[in-house]
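Q: Just so we're aligned, residue 38 is where the sequence shown starts under our numbering, counting upward by one. Here a beta-carbon is modelled for each residue, glycine too, at the ideal position from N, C-alpha and C. Treat the numbers as computed from the prediction; the structure is a model and nothing was measured.
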Amino acid sequence: MYKKFIPSEYKKTIFDITPEDLKARGIRGIITDLDNTLVEWDRPDATPKLIEWLASMKQSGIKVVIVSNNNEMRVKSFSDPLGIPFIFQARKPMGKAFRRAIKVLDLQRKQIVVIGDQMLTDIFGGNRNKLHTILVLPVAKSDGFVTKFNRMVERRIMKKLKQQGQVTWEEKN
Ligand SMILES: [Mg+2]
């Protein structure tokens with residue numbers, strides 16, 4: 038049952054994911070988490086480095102949609118200045134927001150990757166929806182309240198996966 042928590046891929050940060058690499062694999066769209074994936078959960082706006090990363094994706098014809106479990110105010114005020122479509126209160130790992138995001142991207146499942154820092158929401162949700170998933174390390178060491186709880190569960194799952202020898206990527210923090 039833990040299989041669905043294992044990401045297809047593991048990267049340290051989103052900046053280790055390049056448009057060249059995605060394009061070479063036929064990827065044309067990204068469904069990405071916001072908090073602790075793109076920026077720290079308590080940082081209101083995108084960093085210059087992130088803006089550059091998003092621009093490089095756009096230039097390569099890779100579409101991005103932000104799918105966040107956070108509230109409208111947080112997600113809208115972050116995404117709007119970037120001109121990127123977003124879905125707030127996504128209730129990941131539930132499927133509805135993922136299906137909506139696929140529609141927004143207007144692509145086939147195999148052309149899409151899901152990026153996120155949480156196994157329980159981003160990775161589990163992406164895997165359940167038959168999408169390629171990329172786990173990244175959380176940008177910040179700290180977390181919001183709900184995430185703190187999720188991390189606890191995550192650590193247990195990680196421990197199990199390691200015992201089963203199913204974790205093949207390098208150590209998470
Ligand atoms: Mg997150």
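1) Taking the beta strand (DSSP E) that residue 153 belongs to, which residues open and close that run?
2) Rounded to whole angstroms, what's the CA-CA distance from residue 129 to residue 67? Just pull it up for me.
3) Mapping the DSSP letters down to three states, classify residue 171 as helix, strand or coil.
4) Determine whether the beta carbon atoms of residue 98 and residue 65 lie at a separation below 8 Å.
5) Is it a yes or a no for the segment 145 to 159 touching the segment 107 to 123, going by three-plus beta-carbon pairs under 8 Å?
6) Please list, following the chain, all residues that have a C-beta closer than 6 Å to any non-hydrogen atom of ligand 1.
7) By the DSSP assignment, the beta strand (DSSP E) with residue 67 in it spans what residues?
8) Tell me the rounded alpha-carbon separation between residue 104 and residue 87.
9) Are the segment 68 to 87 and the segment 170 to 181 touching, with three or more C-beta to C-beta distances below 8 Å?
10) State yes or no: is the C-beta of residue 51 within less than 8 Å of the C-beta of residue 84?
11) If distances are taken between C-alpha atoms only, which option among 202, 138, 167 comes closest to residue 70?
A: This is what the structure holds:
1) In the sequence shown, counting from the first residue as 1, residue 153 sits at position 116. Segment 149 to 153, the beta strand (DSSP E) holding residue 153.
2) Numbered from 1 along the sequence shown, position 92 holds the residue referred to as residue 129. Numbered from 1 along the sequence shown, position 30 holds the residue referred to as residue 67. Going from the Cα of residue 129 to the Cα of residue 67 covers about 16 Å.
3) As a position in the sequence shown, residue 171 is number 134, starting the count at 1. Secondary structure of residue 171 (DSSP, three-state): strand.
4) What you label residue 98 is simply residue 61 of the sequence shown in a count that begins at 1. What you label residue 65 is simply residue 28 of the sequence shown in a count that begins at 1. Result yes, Cβ atoms of residue 98 and residue 65 sit closer than 8 Å.
5) no
6) Taken from the N-terminal end onward, the list reads 70, 72, 73, 74, 153, 154, 155.
7) If you number the sequence shown from 1, residue 67 lands on position 30. Residues 66 to 69.
8) Working through the sequence shown from its first residue, we reach residue 104 at position 67. Working through the sequence shown from its first residue, we reach residue 87 at position 50. Distance between the alpha carbons of residue 104 and residue 87 is about 16 Å.
9) Yes, they touch.
10) Along the sequence shown, one-based indexing puts residue 51 at 14. Along the sequence shown, one-based indexing puts residue 84 at 47. Going by C-beta atoms, residue 51 is not nearer than 8 Å to residue 84.
11) Position 33 of the sequence shown, counted from the first residue, corresponds to residue 70. Of the candidates 202, 138, 167, the one whose C-alpha sits nearest the C-alpha of residue 70 is 138.
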